[in-house]
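Working notes for the structure below.
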Ligand SMILES: [Zn+2]
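In my numbering, the protein residues as written are 35 to 282.
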């Protein structure tokens with residue numbers, strides 16, 4: 035099965051990839067929704083990621099900043115799965131990586147920033163909820179380290195939050211359009227490490243299938259699209275992606 039998919043990748047004209055938390059677990063970043071995920075084991079922690087609660091509750095913001103300080107992303111390094119996708123792009127074979135991840139590991143593995151479409155935003159930036167100004171996360175974390183428990187926007191005094199999409203917060207329409215375009219324009223859509231249960235990511239598989247693309251799913255757990263996929267691979271992502279890309 036792996037060799038069949040590798041041949042499809044080699045013969046595809048336009049490849050788009052969708053990635054979810056599963057590609058980053060081998061880099062030590064936990065999957066929030068998986069069996070061992072934070073939200074599965076501690077549903078109450080979802081409140082930390084809910085916009086309305088974040089805006090209303092100063093204590094929750096203080097806790098959110100402490101969690102950002104200790105976030106796994108700062109020490110994580112890209113794994114062989116991220117690197118394989120970067121190599122596929124460098125070989126001129128990959129048009130887009132739509133990712134649900136906020137960790138920036140695709141870019142750190144060498145994928146071009148223009149190719150990576152971050153539908154849930156990025157934790158590497160901070161955004162002001164009042165004036166939309168974006169600044170680097172690390173500069174704000176430095177302020178937290180030096181005693182500002184809930185640092186306000188330096189331009190307008192508004193509330194700051196990581197530039198990620200919280201529950202209750204809208205996706206960015208322009209980013210969503212790019213993701214849909216990536217799904218619509220490819221002839222092979224590779225969904226990696228995503229449960230395909232969360233919109234809009236799940237719907238992108240439907241867009242790709244409707245446009246006539248082959249669908250390949252690489253995920254440890256079953257997904258709602260397994261029946262419609264041309265191939266489903268259960269192998270560990272950081273092991274199988276390098277094999278798929280080696281032939282391509
Ligand atoms: Zn501001």
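For glycine and all other residues, C-beta sits at the position ideal for the given N, C-alpha and C.
Note down the Cα distance separating residue i from residue j, rounded to an integer number of angstroms.
| i | j | result |
| --- | --- | --- |
| residue 269 | residue 228 | 14 Å |
| residue 174 | residue 91 | 19 Å |
| residue 278 | residue 252 | 11 Å |
| residue 147 | residue 162 | 22 Å |
| residue 221 | residue 272 | 23 Å |
| residue 129 | residue 61 | 24 Å |
| residue 246 | residue 219 | 9 Å |
| residue 57 | residue 115 | 7 Å |
| residue 36 | residue 77 | 36 Å |
| residue 106 | residue 157 | 11 Å |
| residue 99 | residue 177 | 10 Å |
Comparing alpha-carbon positions, which option in the options lies nearest residue i?
| i | options | result |
| --- | --- | --- |
| residue 143 | 190, 123, 162, 160 | 123 |
| residue 276 | 117, 177, 209 | 117 |
| residue 59 | 233, 209, 127, 254 | 254 |
| residue 75 | 85, 64, 84 | 64 |
| residue 151 | 162, 135, 265 | 135 |
| residue 132 | 62, 239, 114 | 239 |
| residue 250 | 243, 264, 82, 189 | 264 |
Which whole-angstrom value is the C-beta distance of residue i and residue j, which I expect to be below 8 Å?
| i | j | result |
| --- | --- | --- |
| residue 226 | residue 39 | Not a contact, Cβ separation roughly 12 Å. |
| residue 137 | residue 120 | Between residue 120 and residue 137 the Cβ distance is about 15 Å, and since that is not below 8 Å, they are no contact. |
| residue 258 | residue 153 | The Cβ separation is near 18 Å, so there is no contact. |
| residue 199 | residue 193 | Going by Cβ atoms, the distance from residue 199 to residue 193 rounds to 16 Å, so no, they are not a contact pair. |
| residue 82 | residue 101 | 7 Å |
| residue 172 | residue 197 | The Cβ separation is near 13 Å, so there is no contact. |
| residue 232 | residue 214 | Contact flag wrong, Cβ pair sits at about 15 Å. |
Use the C-beta contact count for residue i: other C-beta atoms within 10 angstroms, 16 or more gives buried, fewer gives exposed.
| i | result |
| --- | --- |
| residue 191 | exposed |
| residue 201 | exposed |
| residue 141 | buried |
| residue 170 | exposed |
| residue 103 | exposed |
Tell me, please, whether the CB atom of residue i is closer than 9 Å to any CB atom in chain B?
| i | result |
| --- | --- |
| residue 250 | Checking the listed chains, one finds no chain B in this structure; it contains a single protein chain. |
Original post:
Can you give, in chain order, each stretch of the beta strand (DSSP E) that sits fully within the region 187 to 222 and has at least 3 residues?
Top reply: 194 to 198
Original post:
Which whole runs of the alpha helix (DSSP H) in the region 69 to 130 are 4 residues long or more, in chain order?
Top reply: 72 to 75, 85 to 90, 92 to 103, 114 to 124
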